[in-house]
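Residue numbers for the sequence shown, in the working numbering: 19 to 373.
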Amino acid sequence: MAGLRTFDAFPKTEEQYKKKSQKGGLSSLLTYLFLIFIAWTEFGNYFGGYLDQQYIVDPDVKENVQINLDMFVKMPCKFLDVRARDLTMDNKLAASELKFEDMSFFIPYDTRINDIREIITPELDEILGDAIPAEFREKIDMRMYYDENDPSSAGHLPVLDGCHVFGSVSVNRLQGELQITAKGHGYQSHIRTPMDKINFAHVINELSFGDFYPYIDNPLDGSAKFDKDDPMTAFVYHTYVVPTIYQKLGAEVDTNQYSVGEYRYHKDDNSMASMSLVPGVFIKYNFESLTILVADKRLSFLQFIIRLVAILSFVVYIASWMFILVDIGLVTLMGPKWSLRYQPDIASQGILEKN
(Lines of atoms letter the chains of each structure in order from A and count residues from 1; the text may use other names and numbers.)
(Lines give C-alpha, C1' and ligand atoms only; values in the text may rest on other atoms or scores of the structure.)
Protein backbone atom coordinates (compact mmCIF):
# COMPACT_ATOMS: atom_id res chain seq x y z
CA MET A 1 0.00 0.00 0.00
CA ALA A 2 2.92 2.28 0.60
CA GLY A 3 3.81 2.18 -3.05
CA LEU A 4 0.41 3.23 -4.25
CA ARG A 5 0.06 6.75 -5.68
CA THR A 6 -3.08 8.81 -5.42
CA PHE A 7 -4.46 10.92 -8.24
CA ASP A 8 -6.92 13.85 -8.02
CA ALA A 9 -10.00 13.26 -10.09
CA PHE A 10 -10.31 17.00 -10.66
CA PRO A 11 -6.84 18.49 -10.49
CA LYS A 12 -6.53 22.28 -10.07
CA THR A 13 -5.23 24.29 -12.94
CA GLU A 14 -1.87 25.82 -12.22
CA GLU A 15 -1.67 29.60 -12.07
CA GLN A 16 0.64 29.78 -15.07
CA TYR A 17 -2.17 28.41 -17.22
CA LYS A 18 -4.70 30.97 -15.98
CA LYS A 19 -5.39 34.47 -17.21
CA LYS A 20 -7.53 37.03 -15.44
CA SER A 21 -10.20 38.78 -17.49
CA GLN A 22 -9.68 42.52 -17.82
CA LYS A 23 -13.44 42.99 -18.17
CA GLY A 24 -14.04 41.28 -14.85
CA GLY A 25 -11.38 43.42 -13.16
CA LEU A 26 -12.99 46.59 -14.49
CA SER A 27 -16.41 45.54 -13.22
CA SER A 28 -14.94 44.80 -9.77
CA LEU A 29 -13.24 48.21 -9.71
CA LEU A 30 -16.48 49.98 -10.60
CA THR A 31 -18.30 48.02 -7.90
CA TYR A 32 -15.73 49.01 -5.25
CA LEU A 33 -15.89 52.66 -6.29
CA PHE A 34 -19.69 52.58 -6.05
CA LEU A 35 -19.47 51.01 -2.59
CA ILE A 36 -17.11 53.76 -1.45
CA PHE A 37 -19.51 56.39 -2.81
CA ILE A 38 -22.47 54.81 -0.99
CA ALA A 39 -20.48 54.64 2.27
CA TRP A 40 -19.38 58.29 1.91
CA THR A 41 -22.97 59.37 1.28
CA GLU A 42 -24.23 57.49 4.31
CA PHE A 43 -21.54 59.04 6.51
CA GLY A 44 -22.63 62.47 5.27
CA ASN A 45 -26.26 61.70 6.05
CA TYR A 46 -25.32 60.43 9.50
CA PHE A 47 -23.39 63.55 10.49
CA GLY A 48 -25.71 65.95 8.66
CA GLY A 49 -28.94 64.41 9.91
CA TYR A 50 -32.23 64.44 8.06
CA LEU A 51 -35.37 66.58 8.12
CA ASP A 52 -38.50 65.11 9.64
CA GLN A 53 -41.63 67.06 8.70
CA GLN A 54 -44.98 66.16 10.15
CA TYR A 55 -48.31 67.63 11.13
CA ILE A 56 -49.21 67.59 14.79
CA VAL A 57 -52.14 68.93 16.76
CA ASP A 58 -51.16 72.29 18.19
CA PRO A 59 -49.68 71.34 21.59
CA ASP A 60 -50.43 74.73 23.17
CA VAL A 61 -53.82 76.24 23.78
CA LYS A 62 -53.33 79.83 22.67
CA GLU A 63 -56.03 82.38 23.18
CA ASN A 64 -54.20 85.33 21.65
CA VAL A 65 -51.72 85.90 18.88
CA GLN A 66 -49.62 88.88 17.91
CA ILE A 67 -49.89 90.58 14.52
CA ASN A 68 -46.78 92.49 13.48
CA LEU A 69 -47.48 95.32 11.04
CA ASP A 70 -45.23 97.86 9.39
CA MET A 71 -46.72 99.75 6.46
CA PHE A 72 -46.97 103.11 4.68
CA VAL A 73 -50.40 104.48 3.74
CA LYS A 74 -50.87 107.50 1.50
CA MET A 75 -53.09 109.33 3.95
CA PRO A 76 -52.34 111.60 6.93
CA CYS A 77 -52.33 109.71 10.21
CA LYS A 78 -55.13 111.80 11.69
CA PHE A 79 -57.57 110.33 9.17
CA LEU A 80 -56.69 106.63 9.70
CA ASP A 81 -58.79 104.23 11.74
CA VAL A 82 -57.33 100.78 12.54
CA ARG A 83 -59.51 98.09 14.14
CA ALA A 84 -59.42 94.32 14.67
CA ARG A 85 -62.67 92.38 14.45
CA ASP A 86 -63.23 88.61 14.81
CA LEU A 87 -65.97 85.99 14.76
CA THR A 88 -67.06 86.84 18.28
CA MET A 89 -67.84 90.36 17.02
CA ASP A 90 -65.12 91.66 19.32
CA ASN A 91 -64.26 95.05 17.84
CA LYS A 92 -60.87 96.19 19.11
CA LEU A 93 -59.38 99.63 18.50
CA ALA A 94 -55.98 98.43 17.32
CA ALA A 95 -54.79 102.01 16.88
CA SER A 96 -54.23 102.14 20.65
CA GLU A 97 -51.44 99.53 20.39
CA LEU A 98 -49.85 100.69 17.12
CA LYS A 99 -47.61 103.68 16.47
CA PHE A 100 -48.39 106.34 13.89
CA GLU A 101 -45.90 108.67 12.26
CA ASP A 102 -46.60 111.33 9.63
CA MET A 103 -44.29 110.97 6.66
CA SER A 104 -43.87 111.81 3.03
CA PHE A 105 -45.32 108.79 1.24
CA PHE A 106 -42.93 106.93 -1.04
CA ILE A 107 -42.38 103.41 -2.36
CA PRO A 108 -38.97 102.06 -1.27
CA TYR A 109 -36.54 100.76 -3.83
CA ASP A 110 -36.83 97.05 -4.72
CA THR A 111 -40.47 96.89 -3.60
CA ARG A 112 -42.77 94.60 -5.56
CA ILE A 113 -45.55 96.77 -6.96
CA ASN A 114 -48.98 95.14 -7.37
CA ASP A 115 -47.37 91.75 -6.92
CA ILE A 116 -46.97 89.14 -4.18
CA ARG A 117 -43.84 87.22 -3.28
CA GLU A 118 -43.73 83.59 -4.33
CA ILE A 119 -44.62 81.47 -1.29
CA ILE A 120 -41.69 79.20 -0.42
CA THR A 121 -41.20 77.36 2.87
CA PRO A 122 -37.81 78.50 4.25
CA GLU A 123 -35.03 76.01 4.90
CA LEU A 124 -34.32 74.95 8.47
CA ASP A 125 -30.84 76.48 8.62
CA GLU A 126 -32.15 79.70 7.11
CA ILE A 127 -34.86 79.97 9.77
CA LEU A 128 -32.49 79.27 12.67
CA GLY A 129 -29.94 81.72 11.31
CA ASP A 130 -32.45 84.54 10.81
CA ALA A 131 -34.80 83.93 13.75
CA ILE A 132 -33.65 86.77 16.01
CA PRO A 133 -36.52 88.16 18.10
CA ALA A 134 -36.67 91.94 17.99
CA GLU A 135 -38.90 94.96 18.37
CA PHE A 136 -40.02 97.30 15.62
CA ARG A 137 -37.75 100.23 14.89
CA GLU A 138 -38.34 103.62 16.43
CA LYS A 139 -39.81 106.54 14.56
CA ILE A 140 -37.89 107.99 11.65
CA ASP A 141 -35.71 110.90 12.77
CA MET A 142 -37.18 113.91 10.94
CA ARG A 143 -34.14 116.01 11.78
CA MET A 144 -32.48 114.61 8.69
CA TYR A 145 -34.71 116.92 6.65
CA TYR A 146 -33.80 120.16 8.37
CA ASP A 147 -31.47 121.84 10.83
CA GLU A 148 -33.27 122.32 14.12
CA ASN A 149 -30.95 125.27 14.93
CA ASP A 150 -32.01 127.09 11.76
CA PRO A 151 -35.74 128.03 11.86
CA SER A 152 -35.72 128.97 8.18
CA SER A 153 -34.87 125.39 7.19
CA ALA A 154 -38.26 124.19 8.47
CA GLY A 155 -39.75 125.42 5.23
CA HIS A 156 -37.84 122.68 3.42
CA LEU A 157 -39.74 119.90 5.11
CA PRO A 158 -41.35 117.47 2.65
CA VAL A 159 -45.12 117.29 2.27
CA LEU A 160 -46.36 114.85 4.90
CA ASP A 161 -49.03 113.18 2.80
CA GLY A 162 -48.58 109.69 4.23
CA CYS A 163 -48.61 107.74 7.46
CA HIS A 164 -46.19 105.20 8.81
CA VAL A 165 -48.12 102.60 10.83
CA PHE A 166 -46.01 100.12 12.75
CA GLY A 167 -46.04 97.97 15.85
CA SER A 168 -47.68 94.83 17.18
CA VAL A 169 -51.30 94.27 18.11
CA SER A 170 -52.67 91.33 20.12
CA VAL A 171 -55.84 89.71 18.76
CA ASN A 172 -57.96 86.69 19.60
CA ARG A 173 -56.73 83.52 17.92
CA LEU A 174 -59.88 83.29 15.85
CA GLN A 175 -60.86 84.02 12.30
CA GLY A 176 -60.93 87.77 12.01
CA GLU A 177 -59.94 90.85 10.11
CA LEU A 178 -57.60 93.79 10.60
CA GLN A 179 -59.33 96.83 9.10
CA ILE A 180 -57.54 100.02 8.06
CA THR A 181 -60.17 102.54 7.00
CA ALA A 182 -60.75 106.30 6.89
CA LYS A 183 -62.32 107.92 9.93
CA GLY A 184 -66.02 108.56 9.45
CA HIS A 185 -66.25 105.94 6.69
CA GLY A 186 -67.33 102.54 7.99
CA TYR A 187 -67.30 103.48 11.68
CA GLN A 188 -68.71 106.52 13.38
CA SER A 189 -66.18 109.15 14.35
CA HIS A 190 -66.12 112.78 15.36
CA ILE A 191 -63.80 113.27 12.36
CA ARG A 192 -64.99 112.63 8.83
CA THR A 193 -62.22 112.26 6.29
CA PRO A 194 -62.65 114.51 3.23
CA MET A 195 -63.21 112.51 0.06
CA ASP A 196 -60.23 114.12 -1.67
CA LYS A 197 -57.93 112.87 1.13
CA ILE A 198 -58.91 109.20 0.82
CA ASN A 199 -56.20 107.21 -0.90
CA PHE A 200 -55.27 103.72 0.27
CA ALA A 201 -52.20 103.24 -1.86
CA HIS A 202 -49.90 101.43 0.56
CA VAL A 203 -46.60 99.67 1.10
CA ILE A 204 -46.38 96.62 3.39
CA ASN A 205 -42.87 96.42 4.81
CA GLU A 206 -43.76 93.69 7.30
CA LEU A 207 -46.77 91.52 8.02
CA SER A 208 -46.26 88.53 10.24
CA PHE A 209 -47.96 86.59 13.02
CA GLY A 210 -46.52 85.58 16.37
CA ASP A 211 -43.09 86.64 17.63
CA PHE A 212 -41.44 89.20 15.38
CA TYR A 213 -38.35 87.97 13.50
CA PRO A 214 -37.13 90.85 11.30
CA TYR A 215 -34.94 88.73 8.99
CA ILE A 216 -37.56 86.15 8.01
CA ASP A 217 -39.32 87.05 4.76
CA ASN A 218 -43.09 86.67 4.54
CA PRO A 219 -45.27 86.64 1.41
CA LEU A 220 -46.45 90.26 1.80
CA ASP A 221 -43.17 91.76 3.00
CA GLY A 222 -41.82 94.41 0.64
CA SER A 223 -44.97 94.72 -1.48
CA ALA A 224 -46.91 97.79 -2.62
CA LYS A 225 -50.46 98.21 -3.94
CA PHE A 226 -52.08 101.21 -5.54
CA ASP A 227 -54.68 102.09 -8.13
CA LYS A 228 -53.93 105.45 -9.73
CA ASP A 229 -57.29 105.47 -11.55
CA ASP A 230 -59.39 104.90 -8.44
CA PRO A 231 -58.03 106.04 -5.03
CA MET A 232 -61.26 104.80 -3.40
CA THR A 233 -60.27 101.17 -3.97
CA ALA A 234 -60.67 98.59 -1.19
CA PHE A 235 -57.68 96.21 -0.97
CA VAL A 236 -58.46 92.83 0.61
CA TYR A 237 -55.91 90.20 1.68
CA HIS A 238 -56.90 86.67 2.71
CA THR A 239 -54.21 85.04 4.85
CA TYR A 240 -54.20 81.44 6.11
CA VAL A 241 -51.82 81.13 9.06
CA VAL A 242 -50.13 77.82 9.87
CA PRO A 243 -48.17 77.54 13.15
CA THR A 244 -44.71 76.13 12.45
CA ILE A 245 -42.07 74.83 14.86
CA TYR A 246 -38.42 74.46 13.75
CA GLN A 247 -36.09 72.28 15.86
CA LYS A 248 -32.38 71.62 15.45
CA LEU A 249 -29.69 70.62 17.96
CA GLY A 250 -31.75 71.73 20.92
CA ALA A 251 -32.71 75.09 19.41
CA GLU A 252 -36.38 75.74 18.74
CA VAL A 253 -38.15 78.49 16.83
CA ASP A 254 -41.91 78.76 17.28
CA THR A 255 -43.26 80.94 14.48
CA ASN A 256 -45.98 81.08 11.85
CA GLN A 257 -46.07 80.98 8.08
CA TYR A 258 -48.99 81.91 5.93
CA SER A 259 -50.34 81.79 2.42
CA VAL A 260 -52.16 84.76 0.97
CA GLY A 261 -54.66 85.65 -1.71
CA GLU A 262 -55.57 89.21 -2.62
CA TYR A 263 -58.18 91.08 -4.58
CA ARG A 264 -59.58 94.59 -4.73
CA TYR A 265 -62.97 96.24 -5.04
CA HIS A 266 -63.74 99.46 -6.90
CA LYS A 267 -66.57 101.84 -6.20
CA ASP A 268 -67.99 101.16 -9.68
CA ASP A 269 -68.20 97.37 -9.18
CA ASN A 270 -71.73 96.00 -9.18
CA SER A 271 -71.08 93.03 -6.90
CA MET A 272 -72.73 92.84 -3.48
CA ALA A 273 -69.35 92.50 -1.79
CA SER A 274 -68.05 95.74 -3.28
CA MET A 275 -71.22 97.56 -2.24
CA SER A 276 -70.77 96.50 1.39
CA LEU A 277 -67.07 97.47 1.59
CA VAL A 278 -65.72 100.91 2.21
CA PRO A 279 -62.31 102.03 0.88
CA GLY A 280 -59.45 100.70 2.94
CA VAL A 281 -56.99 97.89 3.52
CA PHE A 282 -58.53 94.72 4.95
CA ILE A 283 -56.31 91.88 6.17
CA LYS A 284 -58.40 88.78 6.84
CA TYR A 285 -56.75 86.03 8.87
CA ASN A 286 -57.63 82.45 9.72
CA PHE A 287 -55.57 80.16 11.97
CA GLU A 288 -55.12 76.46 11.26
CA SER A 289 -55.59 73.99 14.13
CA LEU A 290 -52.64 71.84 13.02
CA THR A 291 -48.98 72.69 13.49
CA ILE A 292 -46.13 71.85 11.11
CA LEU A 293 -43.13 70.40 12.97
CA VAL A 294 -39.84 70.61 11.05
CA ALA A 295 -37.13 68.82 13.04
CA ASP A 296 -33.51 67.95 12.31
CA LYS A 297 -32.93 64.37 13.47
CA ARG A 298 -30.03 61.90 13.47
CA LEU A 299 -29.79 58.13 13.62
CA SER A 300 -28.09 56.48 16.58
CA PHE A 301 -24.64 55.00 15.86
CA LEU A 302 -25.99 51.42 16.07
CA GLN A 303 -28.79 52.24 13.64
CA PHE A 304 -26.25 53.86 11.33
CA ILE A 305 -23.97 50.77 11.33
CA ILE A 306 -26.89 48.41 10.70
CA ARG A 307 -28.18 50.63 7.91
CA LEU A 308 -24.71 50.91 6.31
CA VAL A 309 -24.04 47.14 6.43
CA ALA A 310 -27.48 46.37 5.04
CA ILE A 311 -27.09 48.83 2.13
CA LEU A 312 -23.57 47.70 1.22
CA SER A 313 -24.55 44.01 1.42
CA PHE A 314 -27.52 44.64 -0.81
CA VAL A 315 -25.33 46.48 -3.34
CA VAL A 316 -22.78 43.62 -3.40
CA TYR A 317 -25.57 41.05 -3.79
CA ILE A 318 -27.15 42.92 -6.69
CA ALA A 319 -23.76 43.55 -8.32
CA SER A 320 -22.84 39.85 -8.15
CA TRP A 321 -26.10 38.82 -9.79
CA MET A 322 -25.73 41.46 -12.46
CA PHE A 323 -22.18 40.20 -13.13
CA ILE A 324 -23.44 36.63 -13.51
CA LEU A 325 -26.35 37.59 -15.78
CA VAL A 326 -24.20 39.82 -18.00
CA ASP A 327 -21.56 37.07 -18.23
CA ILE A 328 -24.16 34.48 -19.26
CA GLY A 329 -25.56 36.87 -21.85
CA LEU A 330 -22.14 37.61 -23.36
CA VAL A 331 -21.21 33.92 -23.52
CA THR A 332 -24.55 33.00 -25.09
CA LEU A 333 -24.55 35.74 -27.70
CA MET A 334 -20.86 36.21 -28.52
CA GLY A 335 -19.04 33.09 -27.41
CA PRO A 336 -16.85 31.93 -24.48
CA LYS A 337 -14.00 34.33 -25.25
CA TRP A 338 -16.22 37.24 -24.20
CA SER A 339 -16.77 35.81 -20.73
CA LEU A 340 -16.13 38.16 -17.80
CA ARG A 341 -14.74 35.32 -15.69
CA TYR A 342 -11.21 33.88 -15.63
CA GLN A 343 -10.10 32.73 -19.09
CA PRO A 344 -7.35 30.27 -20.12
CA ASP A 345 -4.25 31.80 -21.59
CA ILE A 346 -4.08 31.62 -25.36
CA ALA A 347 -0.50 30.36 -25.17
CA SER A 348 -1.58 27.32 -23.13
CA GLN A 349 -4.17 26.13 -25.64
CA GLY A 350 -3.69 22.76 -27.31
CA ILE A 351 -3.00 22.15 -30.99
CA LEU A 352 -6.62 21.31 -31.76
CA GLU A 353 -7.86 24.53 -30.07
CA LYS A 354 -5.67 26.81 -32.16
CA ASN A 355 -7.00 28.28 -35.34
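Even for Gly, the Cβ is constructed at its ideal location relative to N, Cα and C.
Less than 8 Å separates the beta-carbon of V91 from that of V183. No Cβ-Cβ contact shorter than 8 Å links F300 with Q193. S226 carries a strand assignment under DSSP once its states are collapsed to helix, strand and coil. Here P297 is not near V221, since their CB atoms are 8 Å or more apart. For G347, the uninterrupted alpha helix (DSSP H) segment begins and ends at 319 to 352.
Between the alpha carbons of Y276 and I342 lies a gap of roughly 56 Å. E195 sits away from L87, with the two beta carbons spaced by 8 Å or more. Exposure of I74 is indicated by the presence of fewer than 16 other C-beta atoms within 10 angstroms of its C-beta.
The bridge partners DSSP lists for T251 come to none. When C-alpha distances from I131 are compared across A242, S338, E270, the shortest belongs to A242.
One thing to note: V189 has its Cβ no nearer than 8 Å to the Cβ of N304. With respect to T273, D229 sits close: the two C-beta atoms are nearer than 8 Å. The residue among P354, S338, K215, L311 with its C-alpha nearest the C-alpha of D76 is L311.
Rounded to the nearest angstrom, the Cβ distance from Y255 to V278 is 6 Å, consistent with a contact under 8 Å. Under the criterion of beta carbons closer than 8 Å, L178 and P94 qualify as touching, at roughly 7 Å.
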